[in-house]
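The structure appears right after this line, and notes come after that.
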Amino acid sequence: MEKRKDWVAWAVETKALYIILIVCFALYLLTKSVLFAFLVAVSIISLFVAESVYSASKTGWKHELKEILIAVAVAGAIWYGGGFILGTSAPLDAIVSCSMLPHLERGDLVVLQGGVARAPEVSVSREEFEANNWTNQHLVCVPCGERLCVNRTMITPKGLVVLGEADQSKNLVQYECGICRRKMADGRIAEVACTKAISIKGQRIEPDYSNDVVVYTPTQGDVFAGETIHRVLVRINVEGRYYYLMKGDNNEQLDIQYGNSPVPQEKVVGKVIFRMPYIGYFKLFLFGFLLTPHGCDSVLVQETL
Numbered sequence: 573m574e575k576r577k578d579w580v581a582w583a584v585e586t587k588a589l590y591i592i593l594i595v596c597f598a599l600y601l602l603t604k605s606v607l608f609a610f611l612v613a614v615s616i617i618s619l620f621v622a623e624s625v626y627s628a629s630k631t632g633w634k635h636e637l638k639e640i641l642i643a644v645a646v647a648g649a650i651w652y653g654g655g656f657i658l659g660t661s662a663p664l665d666a667i668v669s670c671s672m673l674p675h676l677e678r679g680d681l682v683v684l685q686g687g688v689a690r691a692p693e694v695s696v697s698r699e700e701f702e703a704n705n706w707t708n709q710h711l712v713c714v715p716c717g718e719r720l721c722v723n724r725t726m727i728t729p730k731g732l733v734v735l736g737e738a739d740q741s742k743n744l745v746q747y748e749c750g751i752c753r754r755k756m757a758d759g760r761i762a763e764v765a766c767t768k769a770i771s772i773k774g775q776r777i778e779p780d781y782s783n784d785v786v787v788y789t790p791t792q793g794d795v796f797a798g799e800t801i802h803r804v805l806v807r808i809n810v811e812g813r814y815y816y817l818m819k820g821d822n823n824e825q826l827d828i829q830y831g832n833s834p835v836p837q838e839k840v841v842g843k844v845i846f847r848m849p850y851i852g853y854f855k856l857f858l859f860g861f862l863l864t865p866h867g868c869d870s871v872l873v874q875e876t877l
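Position in the sequence shown (first residue = 1) + 572 = my numbering.
As structure tokens, this is what we get:
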């Protein structure tokens, strides 16, 4: 027991665990190795335990538990107070994926604010909106021989299955295909089929990188699970109720083309108003998001050919 206390005292007094944490985090940023991500999480937990044990050895566990409860209460007050001021239930979020490169990177911590998102607006009637079969909106741009076309797709346990070219004439949302450039990690440029623009009731809308980026909660049954952070392409006003069509800056297609529903205003957690690079990694690692997800090795160039 004395040896354990001596080790804890040494680790706290020499700041050894802080040094280990900083070194492991720096090595993760350089290598993106899951091993260093795991060691960062272990270091954070070890640091909390060591500091608590060391403090308890000086002042007793009763006092230490009181200090922990006070810290939790202060953190809760800041969280809920910040949420109240900013008009959102969650004022902070960490970026998990790379679907918003290069604007937002995995590991960024973002500050959110509630309210209506800024984007081009199109007004439609409730009848027009509900007549569109959103659950069958799996229409993606793919090569069709020497041209590009919009194909109907279906998501199966084995992946995406292309069913054939789609007739868009009766769709509320119509897609315009084009060629985009994707810059790979080794510097190569690949040409990929992408959605260049959409049209709603004759109004053509292209991606605009000044539109708001929002965090939203997908509808149950959507392809995307968990809170998603993407840019608003267009705001649809359905007789006073807003719905958003979303697209990741680093994705070739809109979210609805992958199988997500239009996002109602009540599903929007908040708009991104500020980002803090790297800080979000600590949350990701503590919650087990150690592996670098697909899509982090390339960036969609923000001009179409």
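Each residue gets a CB set at the ideal place from its N, CA and C atoms; glycine is no exception.
Among the options, which residue has its Cα nearest to the Cα of residue i?
{"i": "residue 869", "options": "592, 831, 696, 761", "result": "761"}
{"i": "residue 698", "options": "674, 680, 744, 736", "result": "744"}
{"i": "residue 702", "options": "866, 855, 813, 827", "result": "813"}
{"i": "residue 873", "options": "659, 614, 724, 757", "result": "757"}
{"i": "residue 605", "options": "853, 706, 791", "result": "853"}
{"i": "residue 857", "options": "667, 661, 662", "result": "667"}
{"i": "residue 654", "options": "678, 674, 685, 642", "result": "685"}
{"i": "residue 692", "options": "875, 595, 769", "result": "769"}
Please tell me whether residue i has its Cβ less than 8 Å away from any Cβ of chain C.
{"i": "residue 664", "result": "In the structure shown, chain C does not exist; there is a single protein chain."}
Check this for me: beta carbons of residue i and residue j, under 8 Å apart or not?
{"i": "residue 670", "j": "residue 822", "result": "yes"}
{"i": "residue 846", "j": "residue 683", "result": "yes"}
{"i": "residue 794", "j": "residue 831", "result": "yes"}
{"i": "residue 803", "j": "residue 785", "result": "yes"}
On the three-state DSSP scale, how would you describe residue i?
{"i": "residue 608", "result": "helix"}
{"i": "residue 767", "result": "strand"}
{"i": "residue 654", "result": "helix"}
{"i": "residue 685", "result": "strand"}
{"i": "residue 621", "result": "helix"}
Might you give, ordered along the chain, the residues of its own chain that have their beta carbon closer than 7 Å to the beta carbon of residue i, omitting 5 neighbours on each side?
{"i": "residue 773", "result": "694, 696"}
{"i": "residue 764", "result": "752, 754, 824"}
{"i": "residue 789", "result": "799, 839, 841"}
Is any heavy atom of the ligand SAH found at a distance shorter than 7 Å from the C-beta of residue i?
{"i": "residue 736", "result": "Ligands displayed in this structure: none; no statement on the ligand SAH is therefore possible."}
Is it right to say residue i is buried, meaning 16 or more other beta carbons lie within 10 angstroms of its own, or is it exposed?
{"i": "residue 880", "result": "The structure shown does not extend to residue 880, since the chain spans only 573 to 877, so no value can be given for it."}
{"i": "residue 635", "result": "exposed"}
{"i": "residue 777", "result": "buried"}
{"i": "residue 833", "result": "buried"}
{"i": "residue 578", "result": "exposed"}
For residue i, which residues in the same chain have their Cβ closer than 8 Å to its Cβ, ignoring the five residues on either side in sequence?
{"i": "residue 877", "result": "Confidence at residue 877 is low in this model, with a pLDDT of 42, below 50, so the placement of that residue is unreliable and no value is reported for it."}
Apart from the five residues on each side of it in sequence, which residues of its chain come closer than 6 Å, Cβ to Cβ, to residue i?
{"i": "residue 811", "result": "698"}
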